[in-house]
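Keeping their order, the protein sequence lines are chains A and B.
For the first sequence, counting from 1, position 31 maps to 31 in our numbering; every step adds exactly one.
For the second sequence, counting from 1, position 32 maps to 32 in our numbering; every step adds exactly one.
Even glycine gets a Cβ: it sits at the ideal position worked out from N, Cα and C.
On a predicted model such as this, the values are computed, not experimentally measured, just so you know.
Here the structure is laid out as structure tokens; the discussion comes afterwards.
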Amino acid sequence: AQTVTQSQPEMSVQEAETVTLSCTYDTSESDYYLFWYKQPPSRQMILVIRQEAYKQQNATENRFSVNFQKAAKSFSLKISDSQLGDAAMYFCAYRISAGGTSYGKLTFGQGTILTVHP
Amino acid sequence: ETGVTQSPTHLIKTRGQQVTLRCSSQSGHNTVSWYQQALGQGPQFIFQYYREEENGRGNFPPRFSGLQFPNYSSELNVNALELDDSALYLCASSANGDKSYEQYFGPGTRLTVT
Numbered sequence: 001a002q003t004v005t006q007s008q009p010e011m012s013v014q015e016a017e018t019v020t021l022s023c024t025y026d027t028s029e030s031d032y033y034l035f036w037y038k039q040p041p042s043r044q045m046i047l048v049i050r051q052e053a054y055k056q057q058n059a060t061e062n063r064f065s066v067n068f069q070k071a072a073k074s075f076s077l078k079i080s081d082s083q084l085g086d087a088a089m090y091f092c093a094y095r096i097s098a099g100g101t102s103y104g105k106l107t108f109g110q111g112t113i114l115t116v117h118p
Numbered sequence: 001e002t003g004v005t006q007s008p009t010h011l012i013k014t015r016g017q018q019v020t021l022r023c024s025s026q027s028g029h030n031t032v033s034w035y036q037q038a039l040g041q042g043p044q045f046i047f048q049y050y051r052e053e054e055n056g057r058g059n060f061p062p063r064f065s066g067l068q069f070p071n072y073s074s075e076l077n078v079n080a081l082e083l084d085d086s087a088l089y090l091c092a093s094s095a096n097g098d099k100s101y102e103q104y105f106g107p108g109t110r111l112t113v114t
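Here it is as structure tokens:
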């Protein structure tokens, strides 16, 4: 079974600084997706960034970038120039690429609460 | 483009009762997934519906059941409620095809079982 582990229950960063959230996962699959989701206190889960396992290049979305290490099964999120609006719970998630009875199933980590200090 | 909506926002039920939660998928999306999120935890996959059929299920007992309607909206039914069923229930919709990996979440329904 696939598992996703976030070992940092809480992280904090000063506004305009950079912070990195860690995630490791375990799978026997070779083709899969990894995601970072943000869940602000208002609860609605928002997709931040996506990485396809077959792509060597790390995904980037504006101030958000990932460090994907497939062999190490590591998938960290870097937030640059942190803003107050980045404060939220961040979840790392995994999904197989295709096929199987749980095709769309997302497996989430336990989450990391990010606090941004002004 | 209308996003994913869920109703009700909150509800309180008594142990042993039954509850139905509703989800309207985003326009153009034909797949709906349901997740249970206990306080301070990551969401856990309950099941997924595609074209009105369940096509994937997580580690949840049969008293968790669902439906998907021809307009792709969905219901989650939970029978014989237990205290541990207290959680935020999230619905997510996605399209078929190339963008199937993109799941869009609703705001959730907070269920409290007393």
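Cutting at 7 angstroms between CB atoms, please list the residues of its own chain near residue i, excluding the five before and the five after it.
i	result
P8 (chain B)	T109
L66 (chain B)	The sequence shown places Gly at residue 66 (chain B), not Leu. Around G66 (chain B): W34, F47, Y49, E54, S74, E75, L76, N77.
G28 (chain B)	A95
Would you grab the beta carbon distance between residue i and residue j for me? Rounded to a whole angstrom, and I think it's under 8 angstroms.
i	j	result
L114 (chain A)	S76 (chain A)	That belief does not hold up - the Cβ atoms of L114 (chain A) and S76 (chain A) are roughly 13 angstroms apart, past 8 angstroms.
L111 (chain B)	R15 (chain B)	Actually they are not in contact, since the Cβ atoms of L111 (chain B) and R15 (chain B) sit about 12 angstroms apart, beyond 8 angstroms.
T27 (chain A)	I79 (chain A)	With a Cβ gap of about 25 angstroms, T27 (chain A) and I79 (chain A) do not count as contacting.
V4 (chain A)	Y33 (chain A)	V4 (chain A) to Y33 (chain A), Cβ: 12 angstroms. No contact.
L121 (chain B)	V19 (chain B)	Any question about residue 121 (chain B) goes unanswered here, given that chain B covers just 1 to 114.
A59 (chain A)	V66 (chain A)	5 angstroms
T112 (chain A)	Q2 (chain A)	Actually they do not touch by this definition, with Cβ atoms about 19 angstroms apart.
Using a Cβ-Cβ cutoff of less than 8 angstroms, which residues in the same chain neighbour residue i once the five nearest sequence positions on both sides are dropped?
i	result
M45 (chain A)	Y37, K38, Q39, F91
Just reading off the beta strand (DSSP E) that residue i is part of, what are its end residues?
i	result
R15 (chain B)	Unbroken run through R15 (chain B): none, as it is neither H nor E.
G42 (chain B)	Counting along the chain, G42 (chain B) falls outside any beta strand (DSSP E), and DSSP gives it neither H nor E.
N62 (chain A)	Per DSSP, N62 (chain A) belongs to no beta strand (DSSP E) and is neither H nor E.
L84 (chain A)	It is not in any beta strand (DSSP E) - L84 (chain A) carries neither H nor E in the DSSP assignment.
V113 (chain B)	109-113
T27 (chain A)	No beta strand (DSSP E) contains T27 (chain A), which DSSP labels as neither H nor E.
Of the residues the options, which one's Cα is nearest the Cα of residue i?
i	options	result
D81 (chain A)	A:E10, A:Q14, A:P9	A:Q14
C91 (chain B)	B:T114, B:Q44, B:P70	B:Q44
F69 (chain B)	B:R57, B:E52, B:G56, B:G58	B:E52
F35 (chain A)	A:A93, A:M11, A:Q83	A:A93
By Cβ distance below 6 angstroms, which residues in the same chain neighbour residue i in space, the five residues on each side in sequence not counted?
i	result
L21 (chain B)	L76, Y89, T109
T31 (chain B)	Y50, S94
Y72 (chain B)	S25, N30
K55 (chain A)	none
(request) Using a Cβ-Cβ cut-off of less than 7 angstroms, list which residues of the stretch 15-45 of chain B approach chain A; keep chain order. (result) Hits within the stretch, in order: T31, S33, Q41, G42, P43, F45.
(message) Please list, in chain order, the residues of the stretch 78-99 of chain A that have any C-beta partner in chain B closer than 9 angstroms.
(response) Going along the stretch 78-99 of chain A in chain order, one finds M89, F91, C92, A93, R95, S97, A98 with a Cβ nearer than 9 angstroms to chain B.
(request) Give, in chain order, every residue of the stretch 25-50 of chain A whose Cβ lies closer than 9 angstroms to some Cβ of chain B. (result) For the stretch 25-50 of chain A, which is checked against every Cβ of chain B, the residues closer than 9 angstroms are Y33, F35, Y37, Q39, S42, R43, Q44, M45, I46, L47, R50.
(message) So if I threshold CB-CB distances at 7 angstroms, which residues from the stretch 56-72 of chain A count as touching chain B?
(response) Answer in chain order: no residues at all.
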